[in-house]
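S.K.: Following full-length UniProt numbering, the numbering of the sequence shown begins with 1 at its first residue and continues without gaps. Yeah, the Cβ is synthetic: ideal placement off N, Cα and C, and Gly gets one too. No experiment lies behind these values; they were computed from the predicted model shown.
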Amino acid sequence: MWITDSVHLDLYGIKIESPNLKEQRDGWVETQFESKVSNDGSQYVSVYLEQSIWYDGQQLSDWQATDSVMIKSGEKHHFKQSILIFQPLLWDIDHPYLYQLKTRLYKNGILVDEEEETFGYCYMDWQVDKGFFLNGRWLKIHGFCLHHDYGSLGAVENRSAAERRFRQMKEMGVNAIRITHNPASSNLLDVTAKMGLLIQEEAFDTWYGGKKEYDYGRFLRKKRLIQKRKQAISGQIMICAL
Numbered sequence: 001m002w003i004t005d006s007v008h009l010d011l012y013g014i015k016i017e018s019p020n021l022k023e024q025r026d027g028w029v030e031t032q033f034e035s036k037v038s039n040d041g042s043q044y045v046s047v048y049l050e051q052s053i054w055y056d057g058q059q060l061s062d063w064q065a066t067d068s069v070m071i072k073s074g075e076k077h078h079f080k081q082s083i084l085i086f087q088p089l090l091w092d093i094d095h096p097y098l099y100q101l102k103t104r105l106y107k108n109g110i111l112v113d114e115e116e117e118t119f120g121y122c123y124m125d126w127q128v129d130k131g132f133f134l135n136g137r138w139l140k141i142h143g144f145c146l147h148h149d150y151g152s153l154g155a156v157e158n159r160s161a162a163e164r165r166f167r168q169m170k171e172m173g174v175n176a177i178r179i180t181h182n183p184a185s186s187n188l189l190d191v192t193a194k195m196g197l198l199i200q201e202e203a204f205d206t207w208y209g210g211k212k213e214y215d216y217g218r219f220l221r222k223k224r225l226i227q228k229r230k231q232a233i234s235g236q237i238m239i240c241a242l
């Protein structure tokens, strides 16, 4: 549960993109942000954001502020801006370099919300005759199908168990994980990003005919949430939804 101000950043509301990374990787890379802010209060308020990119505890860019906008009660606003970073280190299965985007939200000049998103710079290509390329390098996918439980430890998410499991898989030569048969937890996706594992995330099992009454197949046509989560996930190469 999150307790926020009535004016707040939306859950999974920050989208991070570098659409020209492939062409810009040897120079200044434009990192674009789209941030969604909601006003759930009863008053008309003035709102703006400050954003900065960090790496390994070091601030790489000055705090960049958006223009102030007025948001009516019950409405949302999408802020868009970009920051240039010189020759960022690319996220890879062997060197999973990760950056942080820090965001501050101000309402009527007062700081009311903060968020930190971890992301990596990488680009992927699929070629029908050659296969998969990561950052311009051909890569053979050595995948492993993984259920969400931890055997005798149960099905509740356990970060240390996930780290141990993935270390063993990396030692085996695994470089990609298929998550079955539900969306992965944010904790698990954070671990795979930091350990350099590619991800095929699965939305649900059995489509319309769910095995259980409350199977995720109920949401066959509601892909919005998993698409939003993908916006900041490093290493996600596929979403299996059908």
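Can you tell me which of the three DSSP states T180 falls into?
M.R.: Strand at T180.
S.K.: The alpha helix (DSSP H) spanning R165 covers which residue range?
M.R.: Counting along the chain, the alpha helix (DSSP H) containing R165 begins and ends at 159 to 172.
S.K.: Where does A203 fall in DSSP's three states?
M.R.: In this structure, A203 counts as coil in the three-state DSSP scheme.
S.K.: Taking its Cβ as the centre, do 16 or more other Cβ atoms sit within 10 Å of A184, making it buried, or is it exposed?
M.R.: Buried: at least 16 other Cβ atoms inside 10 Å.
S.K.: Just to confirm before moving on: does the CB-CB distance between V29 and S18 stay below 8 angstroms?
M.R.: Contact flag set, yes.
S.K.: With DSSP collapsed to three states, give me the class of T192.
M.R.: Helix, per DSSP.
S.K.: Evaluate the contact criterion for the stretch 46 to 60 versus the stretch 151 to 161: three or more CB pairs, one atom per stretch, below 8 angstroms.
M.R.: No, because fewer than three Cβ pairs between the stretch 46 to 60 and the stretch 151 to 161 fall closer than 8 angstroms, the two stretches do not touch.
S.K.: For a quick check, are the C-beta atoms of G235 and L188 less than 8 angstroms apart?
M.R.: For G235 and L188, no; Cβs fall outside 8 angstroms.
S.K.: Quick check: residue 246 and I85, are their CB atoms within less than 8 angstroms of each other?
M.R.: In this structure the chain extends from 1 to 242, so residue 246 is not present and cannot be described.
S.K.: Below 8 angstroms, how does it come out for the stretch 140 to 147 and the stretch 74 to 88: are there three or more Cβ pairs, yes or no?
M.R.: With a cut-off of 8 angstroms, the stretch 74 to 88 and the stretch 140 to 147 do not count as touching, because too few Cβ pairs lie within range.
S.K.: Considering only residues of the same chain and omitting the five flanking positions on each side of M195, which have a CB-CB separation below 8 angstroms?
M.R.: Cβ neighbours of M195 beyond the five flanking positions: P96, E163, F166, R167, K170.
S.K.: Considering only C-alpha positions, which residue in the set Y121, G27, G74, F204 is nearest to H8?
M.R.: Comparing Cα-Cα distances from H8 to each of Y121, G27, G74, F204, the minimum goes to G74.
S.K.: In chain order, what residues of the same chain have a beta carbon less than 6 angstroms from the beta carbon of E116, not counting five sequence neighbours either side?
M.R.: Same-chain partners within the cutoff: Q100, K102.
S.K.: Excluding sequence positions up to five away, which residues of its chain have a Cβ less than 6 angstroms from the Cβ of V174?
M.R.: Answer for V174: H142, F144, listed in chain order.
S.K.: Looking at C-alpha atoms only, which residue of H181, K211, Y214 is the closest neighbour of Q200?
M.R.: With distances taken between Cα atoms, Q200 lies closest to H181.
S.K.: Using a Cβ-Cβ cutoff of less than 6 angstroms, which residues in the same chain neighbour I14 once the five nearest sequence positions on both sides are dropped?
M.R.: Around I14: S35, E117.
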